[in-house]
Amino acid sequence: MSIVRTRIAPSPTGQDLHIGNAYTALINYVFAKKNNGQFIIRIEDTDRTRFVEGSEARILESLRWLGIPHDEGPDNGGPYAPYRQSERLDIYKKYAEELIAKGHAYYCFCTPERLAEMRQDQEAKHLPPMYDGLCKKLDPKEAKKRAAGGEKHVIRLNVPDDGVSTFHDIIRGDISFENKLIDDQVLLKSDGFPTYHLGVVVDDHIMKITHIIRGEEWISSTPKHILLYQFFGWELPQFAHASLLRNPDKSKLSKRKNPVWVSDYKTKGYLPEAIKNYLATMAWAYPGGKDIFTVLEMTQKFTLEAVQTTAPIFDTEKLRWMNGEYLRMKSDAEIKDLIKNFYTDEKLDDALLINILPLIKDRMKLLSEFKSLAGFFFERPRELERPLQESALKIGRDALNNCDWNHDAMEKSIREAAEKGNVKAKDVFMELRVAVTGKTVGPPLLESLEILGKDETLKRLTTK
RNA sequence: GCCCCCAUCGUCUAGCGGCCUAGGACGACGCCUUCUCAAGGCGUAGAUCUCCGGUUCGAAUCCGGAUGGGGGUACCA
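Numbering that gives the first Met the number 0 puts the first residue of the first sequence at 0, with every later residue one more than the last.
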């Protein structure tokens, strides 16, 4: 039994790691670790037209931030380096030519213009858009000569006209496609770069990937990959296609309708543990119905067979709840560091933070909520949420002016003054709250005032 | 159009032929606690298990079809 090896193969074509990639990365990672195997990252940068500078670095950084470590990859290397397809061009060329020699691929000299015309024609006739096989009829020797002579060309897969390609999907069972419906896919582009289909099969084989776990958008190209494995005479890996994450309107999760970059969630103040846990519940249900579990716990119980077949909607409401749960599990010292890390360009005092935290940690679901909850500790509110009621405020101000500065003394003083003034105590509390914090909601008032101090509190009560 | 995948509360799901008058979680709502808001506790509403056939003594669970949703259909991944 060979060692289990899984991989994700992101393309550096976006500004960061897509949350959908994080989701498949998590499944791949957990499955590998469950089986004491290895998890690999391979960068599939074969489309120069969509290449985004710096994307790879940000993808790797997001994976690191999430805490999904890889055993081999473009940054840490490994026995099958390089892990960047643009650096492996010779390999793909060699294998494409091997296919040609075996008659399983052919040179194609059709121009993009001819192909466009052909497709238009097919559309008019209500035929499925497929390559018409013009260059397949070329004499192989002649074609080889033309290609060698520098004529612009691609290499296409020679798909058999009959038969059926079937593969077993661990999550979904057997899936079959009729060969005659499979297009003669381009394998090597005219710029010498492979297409995904060639690159992925060659590299997965060379890198000894045992389980291909990817999104369901790849199901319909899997038969092409199966054919390739057969033509090369290679052992087939196992396949598993996980469902795609969706927008609330059920379409494939997209940046038009949702934040999709991992960094978006980091910026919003989500914790990596919460994101991973939430992503995990999208793919798989923990036995016994547990909602909150760590990646380590998941690693013990996970099976691919139990992965969801239905495509879930990515609902940030539940993610928010989960984030709050994780925040509350942390110690004050940990939260302090998280907050300081989150608000990097502000100098927040450690001692003050530690004092504040017990008052706000239960009220905070996202790190980004810290400022609206506790901002008043650091600066006077610029404006008040609503106008003050002077009579109730005055009672509170006088009560605080004449008492010791501790919770019990303040409470006693305020309640007595309220009763004397024939005002509800809670109204006095509220006026004080608005005057001091600027808001009608927030952490417990008296505890906050203890921290804020008598001088600062009274200043806020009088200068308004 | 053609090919493929999927189908249980608004959302995420449990369920793998009798234990289901369908369980849990998020969200919603109500109550308790209370200086506000949370957190916590307790509760309520919410699903004719998409529909129609079939198999079976018995179906959310198995089979077929329909419908709906999604994905694919590129010298993009």
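Ideal placement from N, C-alpha and C gives every residue a C-beta, glycine not left out.
Whole-angstrom distance between residue j and residue i, CA atom to CA atom
i	j	result
SER1	VAL199	20 Å
SER447	THR298	43 Å
GLN121	TYR325	55 Å
GLU345	ASN405	29 Å
GLN184	VAL259	30 Å
LEU399	VAL427	11 Å
PHE377	LEU444	15 Å
ARG432	ASP314	34 Å
GLY76	VAL3	18 Å
LEU186	GLU296	41 Å
LYS124	MET117	11 Å
GLU410	ILE450	15 Å
PHE38	LYS335	33 Å
GLU514	LYS144	As shown, the chain starts at 0 and ends at 463. That puts residue 514 outside it, with no answer to give.
MET281	LEU244	8 Å
ASP403	GLU455	15 Å
SER242	ASN35	25 Å
LYS275	LYS364	16 Å
ASN20	ASN322	20 Å
THR5	LEU98	26 Å
ILE338	ALA31	33 Å
LYS265	ASP407	40 Å
7 Å Cβ shell around residue i - same chain, five flanking residues per side excluded
i	result
PRO357	ASP331
SER189	LYS151, HIS152, VAL153
THR162	Before going on, a small fix: residue 162 reads as Gly here, not Thr. Answer for GLY162: ASN178, listed in chain order.
PRO271	TRP64, LEU65, GLY66
ASN257	ASN246, PHE313
THR12	ASP46, ARG49, PHE50, VAL51, SER54
TYR91	LEU187, PRO193, LEU197, GLY198, VAL201
ASP131	MET117
Spatial neighbours of residue i in its chain, beta-carbon cut-off 8 Å, leaving aside the 5 residues before and after
i	result
CYS134	TYR105, TYR106, CYS107, PHE108, CYS109, ALA142, ARG155
ALA284	ALA305, GLN307
GLY465	Absent from the model: residue 465. The displayed extent of the chain is 0 to 463, so no value can be given.
Residues of its chain near residue i, where Cβ-Cβ distance is below 6 Å and the 5 sequence neighbours each way are ignored
i	result
PRO464	The question about residue 464 has no answer, for the chain in this structure spans 0 to 463.
ILE355	ALA373, PHE376
ASN401	none
LEU318	TYR277
LEU227	VAL200
PRO159	ASN178
GLY72	ILE40, TYR82
GLY420	ILE394
LYS206	It should be pointed out that residue 206 corresponds to Met in this sequence rather than to Lys. Once the five neighbours on either side are set aside, the close Cβ partners of MET206 are TYR79.
Cβ-Cβ separation, residue j to residue i (assumed contact under 8 Å), whole Å
i	j	result
ILE170	ALA279	ILE170 to ALA279, Cβ: 15 Å. No contact.
GLY268	LEU383	Contact flag wrong, Cβ pair sits at about 26 Å.
ARG362	THR439	Wrong, their Cβ atoms sit about 14 Å apart, outside the cutoff.
ALA391	GLU430	4 Å
ILE218	PRO236	Not confirmed; about 15 Å, so no contact.
Start and end residues, alpha helix (DSSP H) containing residue i
i	result
HIS196	195-205
ASP89	88-100
GLN119	111-123
LEU383	Note, LEU383: premise wrong, no alpha helix (DSSP H); not H, not E.
LYS30	According to the sequence shown, residue 30 is Phe rather than Lys. Taken as a continuous stretch (DSSP letters only), the alpha helix (DSSP H) holding PHE30 covers 18-33.
ALA239	Taken as a continuous stretch (DSSP letters only), ALA239 belongs to no alpha helix (DSSP H), being part of the beta strand (DSSP E) at 237-241.
GLN229	221-231
ILE359	349-359
Residue i: first and last residue of the uninterrupted beta strand (DSSP E) it sits in
i	result
ILE208	Per DSSP, ILE208 belongs to no beta strand (DSSP E) and is neither H nor E.
PHE166	163-168
THR5	4-7
SER175	172-177
VAL185	185-187
Residue i Cβ short of 6 Å to the ligand ZN heavy atom set
i	result
PHE376	Of the ligands one can find in the structure shown there are none, so the ligand ZN has no counterpart to examine.
Sufficient close CB pairs (3 or more, under 8 Å) joining the region 340-357 to the region 308-321: no
The region 75-89 contacting the region 200-213, beta-carbon criterion three pairs below 8 Å: Result yes; three or more Cβ-Cβ pairs closer than 8 Å.
Touching by the beta-carbon criterion (3+ pairs, under 8 Å), the region 454-461 and the region 412-425: Short answer: they don't touch.
Inter-stretch contact (C-beta, 8 Å, three-pair minimum) for the region 44-55 and the region 241-252: Touching, no, given that fewer than three Cβ pairs across the two stretches are closer than 8 Å.
The region 57-68 / the region 260-276 touching (three or more Cβ pairs under 8 Å): yes
The region 22-31 touching the region 212-224, judged by at least three CB pairs closer than 8 Å: yes
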